[in-house]
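Structure first, commentary second.
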Amino acid sequence: MYQQSKTLLKEQGLAASKKLGQNFLVHRHTAERIVDYAELSKQDTVLEIGVGLGALTRPLAEAAGQVIGLEADSGIIRLHEEQQGGPEHPDGLPENVQLLHQDVLKADYPELVQLSQGKKLKIIANLPYSISSPFLFQLIEHHEQIDFAVVMLQKEVAQRLLAQPGTKEYGVPTVLLRTVATVKMLMSVGPEEFHPRPKIDSAVIRISFSPLSERAVGAFDHNLLKIVVNSTFGQRRKTLLNGLASSGLLSKDVLRECILQAELLPSVRAEQLALEEFIRLTQVITKHKSQ
Ligand code: SAM
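If you number the sequence shown the way numbering that gives the first Met the number 0 does, the last residue is 290 and the count never jumps.
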């Protein structure tokens, strides 16, 4: 399947859809390396986002007990349904793959957990570039239902998730993801690994979910943190105080007081703050709001 994805698409009258971010993996060893990073066993059910022609699905089906594969493209679903199980189609998907015609951005996470034998989700994806941002926010929202995600995405997005305070890559997704997970760079992947070739480089990262920040810095209001982070980064070139004032959470004077009590300077920029500092500020604002 790997080297012949172009031929297969042609035979089936399918063309790789740009809109659906269809850049298929062409080398089996690359797919196997990605699957190895997930460290799966036969007891595991794994959720694959965007099955495509099955480049990742096959090694996943060998490594895990069961694969639940989501795919948004009806042409691809039809192709697999026609090929599944028949001896005349040795390239059909293995029997322990359950294919669901589903847009992941509309997925019902509790339902997916049910399909995974009630266990937290282990997610693998070679993500369509166009959905990487909404998908990451979806992971943050459903973090309690996820064990880990091994995902391939634009290298630039991976670098943003791994960025340190004080850099231009550091932003809202970096901070919010860090409240619920740790992120590790696994490998870089060049355009030659895909058909059709994308114009940019990709990277595979592992996102391991656990509320680390709560253990390290005490409880905090996640929704309020989101407002603090969004308002301050939304006005990136403004000072922390001016950005925060745009949230309308409290009066500007009280917010200045909150920033000082959190041992921060009103004149710093959001991108200079580490996660712990955002959390401290959120905790002080919570106290003032309840007064
Ligand atoms: N896993 C395959 C591989 O590695 O070769 C395909 C990866 S390709 C980059 C992304 C796949 O996700 C395509 O098959 C595309 O149709 C599918 N897709 C795009 N948007 C989707 C969505 N919102 N929900 C589920 N699948 C989607």
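Don't be surprised by glycine CBs; every beta carbon is placed ideally from N, CA and C.
By the DSSP assignment, the beta strand (DSSP E) with Asp-146 in it spans what residues? 145-153
My understanding is that Phe-147 touches Ser-207, with C-beta atoms under 8 Å, so please give their C-beta distance in whole angstroms. 5 Å
Across the stretch 92-107 and the stretch 62-78, are there enough close Cβ pairs to call them in contact, namely three or more that are closer than 8 Å? yes
Beta-carbon proximity list for Lys-5, same chain, < 6 Å, skipping 5 on both sides: His-194
Can Thr-56 and Glu-70 be called in contact, C-beta distance under 7 Å? no
Identify, in the order they occur along the chain, each residue of the same chain with its Cβ nearer than 8 Å to the Cβ of Met-0, setting aside the five sequence neighbours on each side. Caution is warranted here: a pLDDT of 49 is assigned to Met-0, below 50, making its placement in the model unreliable, and the coordinate value is therefore given only provisionally. So the qualifying residues of the chain are Leu-7, Leu-52, Gly-53, Ala-54, Arg-57 and Asp-90.
Would you list the residues sitting across from Thr-231 in a DSSP beta bridge? None, per the DSSP bridge assignment.
Straight-line Cα distance separating Asp-35 from Val-157: First, the amino acid is wrong: residue 157 is Ala here, not Val. Answer to the nearest angstrom: the Cα atoms are 19 Å apart.
Does the beta carbon of Phe-23 fall short of 6 Å from some heavy atom of the ligand SAM? yes
Measure the C-alpha to C-alpha separation of Leu-224 and Lys-183 and round it to an integer number of angstroms. 23 Å
Sequence ranges, beta strand (DSSP E) only - wholly within the stretch 35-81, length at least 3: 44-48 and 65-70
Where the beta strand (DSSP E) containing Ser-209 begins and where it ends: From DSSP, Ser-209 is part of no beta strand (DSSP E); its letter is neither H nor E.
Fully enclosed by the stretch 91-178, which beta strand (DSSP E) runs are 3 residues long or longer? 96-100, 120-125 and 145-153
Label Ala-244 either buried or exposed according to how many other C-beta atoms from any shown protein chain fall within 10 Å of its C-beta, with 16 as the threshold for buried. buried
Looking at the secondary structure, which residues open and close the alpha helix (DSSP H) in which Val-25 lies? Segment: none, Val-25 is in no alpha helix (DSSP H) and carries neither H nor E.
Proximal residues to Gln-116 (C-beta, below 7 Å), its chain only, five neighbours per side dropped: Thr-44
Stretch-stretch touch, CB-based, cutoff 8 Å, three pairs: the stretch 173-188 with the stretch 134-144: yes
Residue range of the unbroken beta strand (DSSP E) whose run includes Lys-183: 180-188
Check whether the Cβ of Ile-316 sits closer than 6 Å to any heavy atom of the ligand SAM, and report yes or no. Because the chain in this structure spans residues 0 to 290, residue 316 falls outside the shown range and cannot be described.
Would you mind sorting Gln-290 into buried or exposed? The rule is 16 or more other CB atoms within 10 Å of its CB. exposed
Looking only at its own chain, which residues have a Cβ that is under 7 Å from the Cβ of Ala-14, when we skip the five neighbours before and after it? Leu-8
Give the secondary structure of Phe-193 by DSSP, where H, G and I count as helix, E and B as strand, and everything else as coil. strand
Can you tell me whether DSSP reads Val-203 as helix, strand or coil? strand
Measuring from the CB of Asp-35, is there a heavy atom of the ligand SAM at a distance below 6 Å? no
Phe-306 (DSSP reduced to helix, strand or coil): The displayed coordinates of the chain run from 0 to 290. Any statement about residue 306 would go beyond what the structure contains.
Regarding Gly-51 and the ligand SAM, is the C-beta to nearest heavy atom distance less than 6 Å? yes
Are the beta-carbon atoms belonging to Pro-294 and Arg-255 less than 7 Å from one another? This structure gives no information on residue 294, because the portion of the chain shown stretches from 0 to 290.
If distances are taken between C-alpha atoms only, which option among Phe-232, Ser-201, Arg-196 and Gly-189 comes closest to Lys-17? Arg-196
Which one of Ser-250, Met-151, Leu-249 and Ala-273 has the shortest CA to CA distance from Phe-232? Ala-273
Please report the straight-line C-alpha distance between Gln-2 and Leu-114, rounded to a whole angstrom. The predicted model places Gln-2 with a pLDDT of 47, which falls under 50 and marks its position as unreliable, so this point remains unresolved.
Whose C-alpha, out of Ala-202, His-26 and Ala-261, is nearest the C-alpha of Val-216? Ala-261
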